[in-house]
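Before any comments, here is the structure.
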DNA sequence: TTGTAAGCGTTATCAA
DNA sequence: TTGATAACGCTTACAA
């Protein structure tokens, strides 16, 4: 760290007590306008900048929010981050960012790092692998304000922001049915994630609403490895009971599907229709363009930050009550689900 | 911030002096193994975590690096961030992240925020609009270690990491020529950015190497607004002296070109060939798939962080000398530049 | 090998 | 309206 001039030195230069200067800079009512002016102009002249660590130590707060996400190269998480940063910047908060790379061990380490108060609060979306949540519980038990979004853990009693996963998946599946699909598959990452479960429920209920049987073989669990996924999907598409419609619960599985389809003789949408959860701006560029369920990423980020900052600045008036706030997604129909 | 137990309290619990406990926890050679063991186990038992601000204040360093990027929803910057974080985590450094949204005023504010020593160093890529660099100079003059990548400013005497922009643009243009293009356009963001200038030079030299005239009308300066760009490109493609080949110096302009082409009767690659700087994993998914010049984003991030951390931890042995380090890009030929 | 004490740069309490 | 002083939690001379 670079040391500039200190408050004490500034005070000496002004022939004032450090406490007076401190109060003047913090615009205290106890200080005369004349003194304030003098102090401020001298502070500017000498390029004074308050040491944030001394202040944090003294005030017991860091003006910093930690954000933990499972991956960075993902338009949804990137947009949420932008949403959080927008509000944080407005209120003078800084953002400490951590990428877990979908690795629970890494998530645990990062969370433990935050146990020392480096951040005033945490906004996070858990790893798809996370099953043991003792590290999250510890954080919450210590009283550190924490908010979850998208990949939430219901067990931690705090506010969570998600989209209407059930309804979106239901609508998406219904749309595929309306477009003539008879065997609809669900592509997902894992069974454990709450959002995966909700999306699965929405898909299930849409299938059942037609009086159809649920076929467990139509749910494909994918990995985090692009290549493996493409292979997996390709095999699935080559199999005798291949689907004629796919609801992809994750953007990258939709991309993997495009890749896989290229290796087969199938064509989208004639042989296979596809709709996916995705916030990617290039959905419309794919060939054929991809029908999407777009999550309100920016709003989710905004809401997380707003609530958190309210809680931090007015702890008596706001609380992170144990509730799930839902902001609806938007379905955009494009060529990939065009009917015959 | 949440207050846990302090060093003093931990020491009291152990019937030891705070200094002894501090040394034990920091694995000092002065402390006996027996004491160390006792201290560490008690620290764990009582869930002790050193207050980072007290330490920062005392040691005059924050173990934090600030990263400033012009946009987050961009695969290149996201990958660089991942590269920086990888090394930073290894060395126990935290990352403070700021997105300028290509806005110079925002960049200036953020940079001024960092004047107080909140971060030990800065890694940044400037806004494409930045012309006045007094804020950057001030940072550097104060002695804050700063490294630039990609969007660099040569005026600040420090280490910069870039890719071989000139050669890549030259090779890309040459490739278009070899594939039969006669009128090649360059799509770029602005004239001021050093990388834009280098790419322009590469393009220019490739054109001239054929003995062709340089046509200034073939360089298209785009904005940051997607819609405007699509419109601009569409008009360009509809004009009588439309190009038959395009070198796009920015990923998003390639996407905009796909959009624009959709609105015309032109076809890629038969009527128009396209190659672009891009780190997007979906380049191969576009139809036709996009030939790309892929920057070594992860390596750039790694190198930035490694050098910076060396400089921070061993200031006597390493320095951020005024030089530009070049890591080469990789050209991947796909369908968008297929010859007849 | 351990303890004492000072100090990092702030802000808050109390006194003037 | 301003000043003196203590305290936040840590590390490091220096002393024992």
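Residue numbers (the UniProt record's numbering), protein chains in the order written: chain L, 1 to 340; chain U, 1 to 340. Just so you know, even glycine gets a beta-carbon here, dropped at the ideal spot from N, CA and C.
Asked: Contacting residues, own chain, Cβ-Cβ under 8 Å from residue 63/L (five flanking each side not counted); Found: 52, 56, 92, 93, 94 and 120
Asked: Secondary structure of residue 326/U, DSSP reduced to three states; Found: strand
Asked: Simplified DSSP state of residue 116/U, which is helix, strand or coil; Found: helix
Asked: is_contact[residue 82/L, chain U] using C-beta, thresh 8 Å; Found: yes
Asked: Per-residue DSSP class, three states only, for residue 135/L; Found: helix
Asked: Any chain L beta carbon closer than 8 Å to residue 282/U; Found: yes
Asked: C-alpha gap between residue 344/L and residue 262/U, whole angstroms; Found: Missing from the structure shown is residue 344/L; chain L here goes from 1 to 340 and no further.
Asked: Secondary structure of residue 80/U, DSSP reduced to three states; Found: helix
Asked: Residue from 84/L, 107/L and 6/L with nearest C-alpha to residue 309/L; Found: 84/L
Asked: Residue from 330/L, 320/L, 333/L and 338/L with nearest C-alpha to residue 143/L; Found: 320/L
Asked: For residue 294/U and residue 227/L, the rounded distance between their alpha carbons; Found: 19 Å
Asked: Pick from 328/U, 155/U and 70/U that is closest to residue 322/U, judged by C-alpha positions; Found: 155/U
Asked: DSSP-derived helix/strand/coil call for residue 47/U; Found: coil
Asked: Residue 100/U - DSSP class collapsed to helix/strand/coil; Found: coil
Asked: Same chain only: Cβ atoms within 6 Å of residue 165/L, ignoring 5 sequence neighbours per side; Found: 195, 198 and 199
Asked: Distance between beta carbons of residue 151/L and residue 125/L, contact taken as under 8 Å; Found: 4 Å
Asked: Residue 297/L beta carbon less than 8 Å from that of residue 80/L; Found: yes
Asked: Among 214/U, 303/U, 329/U and 265/U, nearest to residue 276/U - alpha-carbon criterion; Found: 329/U
Asked: Rounded straight-line distance, which links the Cα of residue 118/L to that of residue 235/U; Found: 52 Å
Asked: Range covered by the beta strand (DSSP E) that runs through residue 274/U; Found: 273 to 277
Asked: Residue 245/L - containing alpha helix (DSSP H), residue span; Found: Careful: residue 245/L lies outside any alpha helix (DSSP H), inside the beta strand (DSSP E) at 245 to 248.
Asked: Nearest neighbour of residue 289/U, chosen from 233/U, 333/U and 249/U [CA to CA]; Found: 333/U
Asked: Chain-ordered neighbours of residue 341/L on chain U, where CB pairs are closer than 9 Å; Found: Residue coverage of chain L in this structure runs from 1 to 340, which leaves residue 341/L outside it and unanswerable.
Asked: Interface residues of the stretch 254 to 268 of chain L facing chain U [CB-CB below 7 Å]; Found: 255, 258 and 259
Asked: Contacts around residue 112/L, its chain only, beta-carbon distance under 6 Å, and the 5 residues preceding and following it disregarded; Found: none
Asked: Closer than 7 Å at the beta carbon, the chain L residues around residue 128/U; Found: Simply none; closest approach about 18 Å.
Asked: Cβ distance (whole Å) where residue 176/U is taken to contact residue 273/U below 8 Å; Found: 6 Å
Asked: Check whether residue 240/L and residue 218/L have beta carbons under 8 Å apart; Found: no
Asked: Where the stretch 39 to 70 of chain U meets chain L: residues whose CB sits under 7 Å from a CB there; Found: 49, 50, 51, 52, 53, 54, 56, 57, 60, 61 and 62
Asked: Contact with chain L by residue 204/U, beta-carbon distance below 8 Å; Found: no
Asked: Under the three-state DSSP convention, the category residue 168/L falls into; Found: helix
Asked: Touch test, the stretch 201 to 212 of chain L against the stretch 167 to 182 of chain L, Cβ-Cβ under 8 Å, three pairs minimum; Found: yes
Asked: Classification of residue 339/L by the beta-carbon crowding that lies within 10 angstroms, buried from 16 upward; Found: exposed
Asked: Of the residues 153/L, 122/L and 268/L, the one placed nearest residue 132/L, counting alpha carbons only; Found: 153/L
Asked: Same chain only: Cβ atoms within 7 Å of residue 13/L, ignoring 5 sequence neighbours per side; Found: 42 and 46
Asked: Pair within 8 Å by beta-carbon distance, residue 246/L and residue 185/L; Found: yes
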